[in-house]
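Engineer: Residue numbers 270 to 675, in my numbering, belong to the letters of the sequence shown in order. Take this structure first; my questions come after.
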Amino acid sequence: MWFSYTLGFLKLVTSNNILSGFLIMTGQLLDAVATPIAGYILDRTHNKKKWHFIGSLATCGSFPIIFTVCTLCNQDSTWEGLYRGVFISVFQISWAFVQISHLSILPQLSKNTKEKSELTAYRYAASMIANIILYLITLYCFYGTATGETTLFSATDNQRFFEIAVSITAIGLLSSTAFHLIIKTREPAIERSETEKVVSCSATLGDIFKVAAIYTSSRLYINATIEYMVLYLNETVLSNKETIATIPLTMFALSALTSLFFKHVIRVNNQKITFLIGWIFCMAGCLTILMRNGRSDDVVDLFIASALFGTGGALTLVVSLSFAANMATTEGKEGFIFSTVTFADKAMNGIAVLSIEYLKCEDPLLCESYYKNVMVFFNGCVITVGLMFVYFMPLHITQFNCITRI
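And the structure:
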């Protein structure tokens, strides 16, 4: 929901494109800064689930408040920004601990490359299912509502966004509780016999940079698609409010199915091919949006584009996460690897949102296709950069300077 509706909601309550983009950027940069701090702390503790639990509580306590109505702000954009900025900060810092601790647990569950790739696919599928639940709730809240405005969103929708935020927060809290009750992690071995051989692998800074670039391009493509799909619908659909749920729902449903179907395909030997296939789907989605002209309630082409976005995004992101999981093979360095890889993604996403909102003209009539161009050209360039890193900067995925010691 952070990427899907927060930017649109902030534009409603602040009526300021630049302030809305600034708040998103602030949240993303705080997340980026908190990420390596979380990685540093997690690498120095065996109980990673403890930090996941603490972060989950802080996240659940702060996120719904972002979508409340500030009665003391008197519709002043400055006070609106300060009010929401505080809770956005708490949410993003705590979310950094949730994300990195969860990713750091993955290598503890299995040391097998094949199993880690499958776990990565399952994890991504679970996140897609969570997004599907979000859009089903959104569809329920907006179903049957009509708009008398020139855009899909209006001030009367504020309460609906709050109800959605509370609903998904409750589901998230229940899911986190189940995770802590069911999942058991293995403690790293502290003692070993004198004759026991230990394989130690480490990644170079160059390897980390390459994986970070690939992950950032994949994640930025998906995040930009999620953030600006809703704003693009606001720009191109006449009156069908349900599309802000049904279009993203299609995208995430295809993402979940793709990640589960391709878990047997995504292996070390063909990850480049899988990424290329994902890139083709991504570019096909961009071209579908490019060919749509005018504003109407005929959204068949938008459903096709969302399906292509979902399939391509799933393939490229699961491959990039597999690169990172395979690289995090040194015991005790999982937090450092994942926090470093995700740092650039979060920082770049915040900078991208602020830049896009800053460049948008004040008069909507002067740039009626602005978000369409973002969906087509920005997304197309971003995912192409990822493909270039995959193919022109070879990765040594299976062995990162491995040595054997006794």
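We treat Cβ as the ideally placed atom computed from N, Cα and C, and that holds for glycine. Model, not experiment: these values are computed from the prediction.
Of the residues 393, 301, 302, which one's Cα is nearest the Cα of residue 587?
Structural biologist: Closest by alpha carbon: 393.
Engineer: Expressed to the nearest angstrom, what Euclidean distance is found between the alpha-carbon atoms of residue 629 and residue 639?
Structural biologist: The straight-line gap from Cα to Cα measures roughly 7 Å.
Engineer: Quick check on this structure: which residue in 517, 650, 577 has the alpha carbon closest to the alpha carbon of residue 405?
Structural biologist: Here the closest residue by C-alpha is 517.
Engineer: Does the count of Cβ pairs from the segment 612-620 and the segment 274-289 closer than 8 Å reach three?
Structural biologist: Segments in contact, no.
Engineer: What residue from 494, 344, 295 has the CA that sits closest to residue 558's CA?
Structural biologist: With distances taken between Cα atoms, residue 558 lies closest to 494.
Engineer: Compute the Euclidean distance between the alpha carbons of residue 554 and residue 474, then round it to the nearest angstrom.
Structural biologist: The straight-line gap from Cα to Cα measures roughly 34 Å.
Engineer: Taking 8 Å as the cut-off, does the segment 568-578 touch the segment 509-529 (at least 3 CB pairs, one atom from each stretch)?
Structural biologist: In short, these stretches touch, since the Cβ pair count reaches three.
Engineer: If distances are taken between C-alpha atoms only, which option among 350, 313, 327 comes closest to residue 289?
Structural biologist: Closest by alpha carbon: 350.
Engineer: According to DSSP, is residue 312 part of a helix, a strand, or is it coil?
Structural biologist: Residue state, collapsed to three classes: coil.
Engineer: Could you tell me which of 442, 314, 345, 369 sits nearest to residue 327, measuring between CA atoms?
Structural biologist: Of the candidates 442, 314, 345, 369, the one whose C-alpha sits nearest the C-alpha of residue 327 is 442.
Engineer: Could you say which of 432, 375, 528 lies nearest to residue 448 if we only look at CA atoms?
Structural biologist: Per the Cα distances, 375.
Engineer: Note down the Cα distance separating residue 605 from residue 308, rounded to an integer number of angstroms.
Structural biologist: About 5 Å.
Engineer: Specify the secondary structure class of residue 474 as computed by DSSP and reduced to three states.
Structural biologist: Reduced to three states, the DSSP call for residue 474 is helix.
Engineer: With distances taken from CA atoms, which of 483, 436, 301, 583 is nearest residue 530?
Structural biologist: Ranking 483, 436, 301, 583 by Cα distance to residue 530 puts 583 first.
Engineer: DSSP three-state call for residue 504: helix, strand or coil?
Structural biologist: If DSSP states are grouped into helix, strand and coil, residue 504 belongs with the helices.
Engineer: Does the Cβ-Cβ distance between residue 287 and residue 501 come in under 7 Å?
Structural biologist: Cβ distance not < 7 Å, so residue 287 and residue 501 don't count as in contact.
Engineer: Do residue 367 and residue 483 come within 7 Å of each other at the CB atom, strictly closer than that value?
Structural biologist: No; because the gap between Cβ atoms is not below 7 Å, this pair is not in contact.
Engineer: Just checking my contact of residue 684 with residue 278 at CB under 8 Å: how many whole Å lie between their CB atoms?
Structural biologist: Nothing can be reported for residue 684: it is not among the residues displayed for the chain, which extend from 270 to 675.
Engineer: Does DSSP classify residue 364 as helix, strand or coil?
Structural biologist: Residue 364 falls in the helix class under three-state DSSP.
Engineer: If contacts are defined as beta-carbon pairs under 8 Å, then residue 492 and residue 272 qualify, I think. What distance do you get, rounded to the angstrom?
Structural biologist: Indeed they touch by this definition, with Cβ atoms about 5 Å apart.
Engineer: Around the Cβ of residue 651, are there at least 16 other Cβ atoms within 10 angstroms (buried) or fewer (exposed)?
Structural biologist: Flag for residue 651 reads buried.
Engineer: In whole angstroms, give me the CA-to-CA distance for residue 319 and residue 362.
Structural biologist: Near 16 Å, if we compare the C-alpha coordinates of residue 362 and residue 319.
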